[in-house]
Amino acid sequence: MENELRALVAHLQDSWNRYDSKAFASIFAEDADFIHILGAHYTGRESIDKGHRTIWDTIYKGSKNRMEVYKIRLLGENAAVVFTQATLEFFQGGEEVVIKSRPTLIVHSNNGKWEIAAFQNTLQKEAVSDEALEKLVRAHPFPGSGPEK
Numbered sequence: 006m007e008n009e010l011r012a013l014v015a016h017l018q019d020s021w022n023r024y025d026s027k028a029f030a031s032i033f034a035e036d037a038d039f040i041h042i043l044g045a046h047y048t049g050r051e052s053i054d055k056g057h058r059t060i061w062d063t064i065y066k067g068s069k070n071r072m073e074v075y076k077i078r079l080l081g082e083n084a085a086v087v088f089t090q091a092t093l094e095f096f097q098g099g100e101e102v103v104i105k106s107r108p109t110l111i112v113h114s115n116n117g118k119w120e121i122a123a124f125q126n127t128l129q130k131e132a133v134s135d136e137a138l139e140k141l142v143r144a145h146p147f148p149g150s151g152p153e154k
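Be aware that the sequence shown starts at 6, since it is given in the numbering used here, and climbs by one per residue.
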């Protein structure tokens, strides 16, 4: 089970670094919830796909993401929480920006296949300068914190 959950995280990293929003979203439940680094909430695989296509065409174009699993907490045979550390590198206004965050995945087995039911990404403020954070917030295409479809 642990290898399968680590493979989910590797899939997220690999599809991010290929800018493949369909592949990225494919391992989410059809009705998954996704809260991105600035707090906007996407519901459903299609919304997750569209949101990532948008950021890879704009603010995170050319970005690279590294994700590491640092804890897996089993919630029974068919559910778990996967805690990760992400390091995102991208350019903004010609300057390299590096931000760290802690994505948390709630996963479950659906007909023998693991999928992400909920994803919450939390920015590590201490890992980002105030100037870089201000630029990130201004440039992000989805700055809202409420539900977005």
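Ideal Cβ positions, reconstructed from N, Cα and C, are used throughout, including at glycine.
Which residues does DSSP list as the beta-bridge partners of Ala85?
One-based indexing of the sequence shown puts residue 85 at position 80. DSSP output for Ala85 lists Leu79, Val112 as bridge partner(s).
Leaving out the 5 sequence neighbours to the left and right, which residues in its chain are closer than 6 Å to Ala40 when beta-carbon positions are compared?
On the sequence shown, residue 40 is found 35 positions in, with the first residue counted as 1. For the record, residue 40 in the displayed sequence is Ile; it is not Ala. Result list for Ile40: His46, Gln125, in chain order.
Reference Ile121, options Glu73, Arg58, Ala30, Ser20, closest by Cα
Along the sequence shown, read from residue 1 onward, the residue named residue 121 stands at position 116. Closest by C-alpha distance to Ile121, out of Glu73, Arg58, Ala30, Ser20, is Ala30.
Tell me the DSSP bridge mates of Thr127?
As a position in the sequence shown, residue 127 is number 122, starting the count at 1. Answer is Arg107, bridged to Thr127.
Give the straight-line distance between the Cα atoms of Asn83 and Thr89, rounded to the nearest whole angstrom.
Working through the sequence shown from its first residue, we reach residue 83 at position 78. Working through the sequence shown from its first residue, we reach residue 89 at position 84. If you take the alpha carbons of Asn83 and Thr89, they lie about 19 Å apart.
To which residues of the same chain is Gly99 closer than 6 Å at the C-beta, ignoring the five residues directly before and after it?
Along the sequence shown, one-based indexing puts residue 99 at 94. Within the same chain, and ignoring the five residues on either side of Gly99 in sequence, no residue has its Cβ closer than 6 Å to its Cβ.
Helix, strand or coil at Leu17 [DSSP, three-state]
One-based indexing of the sequence shown puts residue 17 at position 12. Reduced to three states, the DSSP call for Leu17 is helix.
Would you say Ala37 and Asn70 are within 8 Å of each other, going by their C-beta atoms?
As a first step, residue 37 is located in the sequence shown; it is residue number 32 there, counting from the start. As a first step, residue 70 is located in the sequence shown; it is residue number 65 there, counting from the start. Not closer than 8 Å, so no.
What does a CB cutoff of less than 8 Å around Lys27 pick up in its chain, not counting 5 residues either side in sequence?
As a working mapping, residue 27 is identified with position 22 in the sequence shown. Once the five neighbours on either side are set aside, the close Cβ partners of Lys27 are Asp54.
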